[in-house]
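Residue numbers (this note's numbering), protein chains in the order written: chain A, 44 to 423; chain B, 44 to 423. I have placed the structure first, in the form of C-alpha cells, so that the comments after it can refer back to it.
2 protein chains.
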Amino acid sequence: MANITVLGSGMVGRAMALDLAKKHRVTAADISEDALQRLAAVNSGIRTTVADLRQESEIKKLVSDADVVVGSVPGFMGFEMMRQVIDAGKNIVDISFYPENPFALDALARQRNVIAIMDMGVAPGISNLLLGYHHKQHKVLSFECLVGGLPAERRYPFEYKAPFSAIDVIEEYLRPARFVVNGKQVVKPALSDPELIDFPGIGTLEAFNSDGLRSLVETIPVADMIERTLRYPGHIALMRAFREAGFFSKEDLLVSGVKLEPIDCTSKLLFEQWRLGDHEEEFTVMRLRIVVGHDGGTKTLEYFLLDRFDKATATSSMARTTGYTCTAGVELILEGKYNRPGISPPEFIGEDEACVQFVMNYLRERGVKYQFTESDSNPG
Amino acid sequence: MANITVLGSGMVGRAMALDLAKKHRVTAADISEDALQRLAAVNSGIRTTVADLRQESEIKKLVSDADVVVGSVPGFMGFEMMRQVIDAGKNIVDISFYPENPFALDALARQRNVIAIMDMGVAPGISNLLLGYHHKQHKVLSFECLVGGLPAERRYPFEYKAPFSAIDVIEEYLRPARFVVNGKQVVKPALSDPELIDFPGIGTLEAFNSDGLRSLVETIPVADMIERTLRYPGHIALMRAFREAGFFSKEDLLVSGVKLEPIDCTSKLLFEQWRLGDHEEEFTVMRLRIVVGHDGGTKTLEYFLLDRFDKATATSSMARTTGYTCTAGVELILEGKYNRPGISPPEFIGEDEACVQFVMNYLRERGVKYQFTESDSNPG
Numbered sequence: 044m045a046n047i048t049v050l051g052s053g054m055v056g057r058a059m060a061l062d063l064a065k066k067h068r069v070t071a072a073d074i075s076e077d078a079l080q081r082l083a084a085v086n087s088g089i090r091t092t093v094a095d096l097r098q099e100s101e102i103k104k105l106v107s108d109a110d111v112v113v114g115s116v117p118g119f120m121g122f123e124m125m126r127q128v129i130d131a132g133k134n135i136v137d138i139s140f141y142p143e144n145p146f147a148l149d150a151l152a153r154q155r156n157v158i159a160i161m162d163m164g165v166a167p168g169i170s171n172l173l174l175g176y177h178h179k180q181h182k183v184l185s186f187e188c189l190v191g192g193l194p195a196e197r198r199y200p201f202e203y204k205a206p207f208s209a210i211d212v213i214e215e216y217l218r219p220a221r222f223v224v225n226g227k228q229v230v231k232p233a234l235s236d237p238e239l240i241d242f243p244g245i246g247t248l249e250a251f252n253s254d255g256l257r258s259l260v261e262t263i264p265v266a267d268m269i270e271r272t273l274r275y276p277g278h279i280a281l282m283r284a285f286r287e288a289g290f291f292s293k294e295d296l297l298v299s300g301v302k303l304e305p306i307d308c309t310s311k312l313l314f315e316q317w318r319l320g321d322h323e324e325e326f327t328v329m330r331l332r333i334v335v336g337h338d339g340g341t342k343t344l345e346y347f348l349l350d351r352f353d354k355a356t357a358t359s360s361m362a363r364t365t366g367y368t369c370t371a372g373v374e375l376i377l378e379g380k381y382n383r384p385g386i387s388p389p390e391f392i393g394e395d396e397a398c399v400q401f402v403m404n405y406l407r408e409r410g411v412k413y414q415f416t417e418s419d420s421n422p423g
Numbered sequence: 044m045a046n047i048t049v050l051g052s053g054m055v056g057r058a059m060a061l062d063l064a065k066k067h068r069v070t071a072a073d074i075s076e077d078a079l080q081r082l083a084a085v086n087s088g089i090r091t092t093v094a095d096l097r098q099e100s101e102i103k104k105l106v107s108d109a110d111v112v113v114g115s116v117p118g119f120m121g122f123e124m125m126r127q128v129i130d131a132g133k134n135i136v137d138i139s140f141y142p143e144n145p146f147a148l149d150a151l152a153r154q155r156n157v158i159a160i161m162d163m164g165v166a167p168g169i170s171n172l173l174l175g176y177h178h179k180q181h182k183v184l185s186f187e188c189l190v191g192g193l194p195a196e197r198r199y200p201f202e203y204k205a206p207f208s209a210i211d212v213i214e215e216y217l218r219p220a221r222f223v224v225n226g227k228q229v230v231k232p233a234l235s236d237p238e239l240i241d242f243p244g245i246g247t248l249e250a251f252n253s254d255g256l257r258s259l260v261e262t263i264p265v266a267d268m269i270e271r272t273l274r275y276p277g278h279i280a281l282m283r284a285f286r287e288a289g290f291f292s293k294e295d296l297l298v299s300g301v302k303l304e305p306i307d308c309t310s311k312l313l314f315e316q317w318r319l320g321d322h323e324e325e326f327t328v329m330r331l332r333i334v335v336g337h338d339g340g341t342k343t344l345e346y347f348l349l350d351r352f353d354k355a356t357a358t359s360s361m362a363r364t365t366g367y368t369c370t371a372g373v374e375l376i377l378e379g380k381y382n383r384p385g386i387s388p389p390e391f392i393g394e395d396e397a398c399v400q401f402v403m404n405y406l407r408e409r410g411v412k413y414q415f416t417e418s419d420s421n422p423g
C-alpha cells in the first residue's frame, strides 16, 4: 500500500482516485469543494483537500508524503504543476496535456532522480505506448491514429459534448496540426482534410487533422505519422464556419461599447451547449494502424477500441480509458516495473514488452479492451 | 417638375434620388455626409442635406416644400419618420419596412388628406401589387411568393451578402413567419421548412419560411398565402445552428466579466462577413405563383424576376428592383393616377389596372423585367 496524491479531481481525476483507492492511501486535491465532497461520498477512505493548485506552496505540501503523484489539472496549469512536483523529488504520472514542451523538465527530473511519465492517456497515451512497442519490434513504415470521444445521443446542432472545457476543444480547432509525411514534418490547419470513415458498432464518423502526435514527432523516426480526431459528420463543417467567420478570433472586437475577444463569447455559449451531464452516455473510439515491414513485404497491425460509459458506476468512458491508463502507469512505478528517471512519454515505456503487457492487462481487467488484428497490407 | 425629398440616402435611397432627379428637383437627406457627397458627385443637381432624421424638427423642415416624400430610412426609424411626414400633410411613398403596423397611421393620413404608400418595394411591394391586381380580376385560390437578394460570388461560409444591416437580416431569422393555410393564419419559426428549388439562370436555391406577407394577411382574403425567402443551399442550416446554439440570443451573457447580448457580438462579426461591396455583383430573384379559378378549373399565373447588378451605373439589383418600384409610386401620385388618401399598401394600388400597367412599364423602361406565364394547373 502506497501513498498517492491525485492533483485535480475533475471527471478523470475522480475516476483515478477511486481506482487507486482500492489498493492505496489516496489524497485527492481540487479547488472545488463540491467535486471533493462527491468523491468522498463514494469512498470515504479517500482524503480530500481543497487547494488552489496554482499556488506553489500548496503543491509542495500536498505531495510531501506521496510515493507517486497523479497530475490531472487543466492544461494551462499542467507544466508548472509538473515542474513543482519534480522539483519536490516526487514521481509523477500526468494527463494534464499542457501545451509546453515536457522535455524542458527532463534535466531537472534526472537531477532529482524522478520518474515523470507524461501524456499517459488514450491518445496521446496508449497510441504512443503501442507505437513505441512496435517500433522496438519491427521496422515501422507508417502510423495512423484516429481517436474521438463522443456522446451517444446526437443532439442538434453540434452532436458533441466536451469531456473537458469548451475553450480547450476550440483550441484544438485552432492549433495547426503537425504530422509527418515521407520523413518530413508537415503542418496543416486544424479541421483540415475531413474524411468520412465507417466504424463497426458506431456508424460513420468524420476525421480531421489535429495536433495530437506531440512527443512522437521528436521521439520516433517513422516516415509517415498522423493523428486525426473523430466527430459525427457535420460538426467539422460547422466549426470551420465558426472559425472562418471570426467566432474563434482572439482579436479585440468592439461590441456595444465594450472590447472583447469573440472567442470568449463563443466559448461561453458553447460551454453551455457542450456540457457533458454526469450520467450522459458517451463513448471513446480509437483506431490505430501501424504498417510494419514483414518478410520482405508489409503487414498492417490494427488496434481498435470502442469503450462505452459504464452505467453501473456512472463512470464516463473518457475517464475510464484515459484515467486507467494513467493509474496503470502509477502501478508500473510502484511495482518497480518502470524506473527510467527523467521525462518519459509513453513510447519510452512501450519499448519494454513486459510494461506494455502489464498496462494492457490492467486496462482489460477494468473493461477497457483493445482488439488487435493483423493483415498483410497487400493480400493476394 | 415637382419637389421630392428623399429621406435616407443608403444604397436604395441613392438610386431613387438619381432616378427621380432626371425629372424633378430632389433633396436628399442622410446622417452620413460621406453618402451625400458621393451622391452629389454623380448628380450635382441634387440638393443634399446632412440631417439626423430621428429629430422631429429636421423632418418637418426637410419636407416643407416637398410634393412627395420618399422614405428609405432604417426599419427601426421608419414608423416615426412616416408619422411625422403625414402629420406635416405631405404625401409619402415608403420602403423603410418598419415592424410597426402602418395602419395605425391611417386615420391621421386621411385627416391630413395625405396619400401614404407603404412597403413599395419588391416583396413586399410588387408581390402585393400583383396579388391585389389578380384578386380584383379573379377568384384567387392561392398565392406563393419566393424572393431573395444574393451575391453573384458565393463565398464560404455564408454565401450571402446583406444589402442592409446584418442585425436586420438576423431579425428575419428570428421573427416567426406568419402565413395563411386553408383560411387560417399559421405561425411557424423563421428558417423552417427548408426546400431546394431550381431557378433558370441561377441553379438551385433553398427557400425557408419568412414573415413577409405583412399587410396581405389582413387585406386580402385568400385561403392560402405564403412568402418564403431564398438563399444559396446551406446558409439556412448554418443560421439555424447559430440560432439554436444561442448566438442570436438577446439574453444577457457574462463574458470576461462584462454583460452582453450574444446577438450584438454575432451581428458585429457577421456585419464584416456580409458587407456588400459597392461594386459587388448581386441579383434579385422573385417567383410569384398565383392560382386562380378559371372556367370551372384553375390556372396558375407566374411572374418571374431575375434582375442583376447594373455594371454601367454600378447600381445594385436590390436598389433597382426596390427603388424603382418606389419611384414609380412617386410618379403615380404626381401624375394623379393614384389618389386614395390614407395608408395604402401596394395591393390597394393593384386594384387599378392602369396603375399596375404604369408601374410595370416604369420598371421595364429601367430594365427590371417580370416574365409572365400562365398555365392550366392540372393540364391534360
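Just so it is clear, CB atoms sit at the ideal spot from N, CA and C, and this is done for glycine as well.
A/G118 and A/S310 have their C-alpha atoms spaced approximately 16 Å apart. Counting only the Cα atoms, B/P237 lies some 12 Å from B/T247.
Residue nearest to A/I376 within the set A/E304, A/K179, A/D137, A/K65 is A/D137 (criterion: CA-CA distance). The alpha-carbon separation between B/S75 and A/I210 amounts to approximately 40 Å. The beta carbon of B/T262 lies closer than 7 Å to those of P388, E390 in the same chain, with the five residues before and after it left out. Under DSSP, A/S185 shares a beta bridge with A/D267, A/V334. Between B/D419 and B/K342, the C-beta spacing is below 7 Å. With 16 or more other Cβ atoms inside 10 Å of its own Cβ, B/R126 counts as buried.
For B/L217, the nearest beta carbon of chain A is not closer than 7 Å to its own beta carbon. Ranked by how close their Cα comes to the Cα of A/P232, the residues A/F222, A/L239, A/G226 have A/F222 in first place. Between A/V69 and the set A/T370, A/V230, A/H322, the nearest pair of CA atoms involves A/T370. In the structure shown, the three-state DSSP call for B/T370 is helix. Flagged as an interface residue toward chain A: B/K311, by a C-beta distance shorter than 7 Å. For the set B/R383, B/A250, B/L184, B/Y405, the Cα lying nearest the Cα of B/M329 is the one of B/A250. Around the beta carbon of A/D95, fewer than 16 other beta carbons sit within 10 angstroms, so the residue counts as exposed.
Taking C-beta atoms under 8 Å as the contact rule, B/L349 and B/V335 fail to qualify, at a distance of about 24 Å. For A/K380, same chain residues with a beta-carbon under 7 Å away, outside a window of 5 residues either side, are A397, C398, F401 in chain order.
In the displayed model, B/F222 falls within a strand according to three-state DSSP. Counting the other CB atoms within 10 Å of its CB gives A/V230 a total below 16, which places it among the exposed residues. In the displayed model, A/I138 falls within coil according to three-state DSSP, outside both helix and strand. Collapsing the DSSP output to three states places B/Q228 in a strand. Residue nearest to B/F201 within the set B/K179, B/E315, B/G339 is B/E315 (criterion: CA-CA distance). For B/S208, no CB of chain A lies under 7 Å from its own CB, so it is not counted at the interface with that chain. Taken through DSSP and simplified to helix, strand or coil, A/V328 comes out as strand.
No Cβ-Cβ contact shorter than 7 Å links B/R257 with B/P142. Excluding residues up to 5 positions away in sequence, L234, P237, E249, F251 lie with their Cβ nearer than 6 Å to the Cβ of A/I279 in the same chain. Taking C-alpha positions only, B/D338 is separated from B/D267 by approximately 20 Å. Proximity of chain B to A/Y199 at the Cβ level (cut-off 9 Å) is accounted for by R283, A284, E287, in chain order. For the pair B/T327 and B/T364, the CB atoms are nearer than the 7 Å cut-off. Taken in chain order, the unbroken stretches of alpha helix (DSSP H) that lie wholly in the stretch 154 to 205 of chain B and span 4 residues or more are 169 to 180.
Inter-segment contact for the stretch 315 to 324 of chain A and the stretch 157 to 172 of chain A is absent: fewer than three beta-carbon pairs are separated by less than 8 Å.
A Cβ of chain B is located within less than 7 Å of the beta carbon of A/D307. Segment contact: the stretch 83 to 97 of chain A against the stretch 153 to 164 of chain A, fewer than three CB-CB distances shorter than 8 Å; contact not assigned. The residues L193, R197, E202, Y203, L248, E249, in chain order, have a CB closer than 8 Å to that of B/Y275 in the same chain once the five nearest residues on each side in sequence are set aside. For A/S299, the residues of chain B that pass the 7 Å Cβ criterion are L303, D307, in the order they occur in the chain. For B/F290, the residues of chain A that pass the 7 Å Cβ criterion are L312, in the order they occur in the chain.
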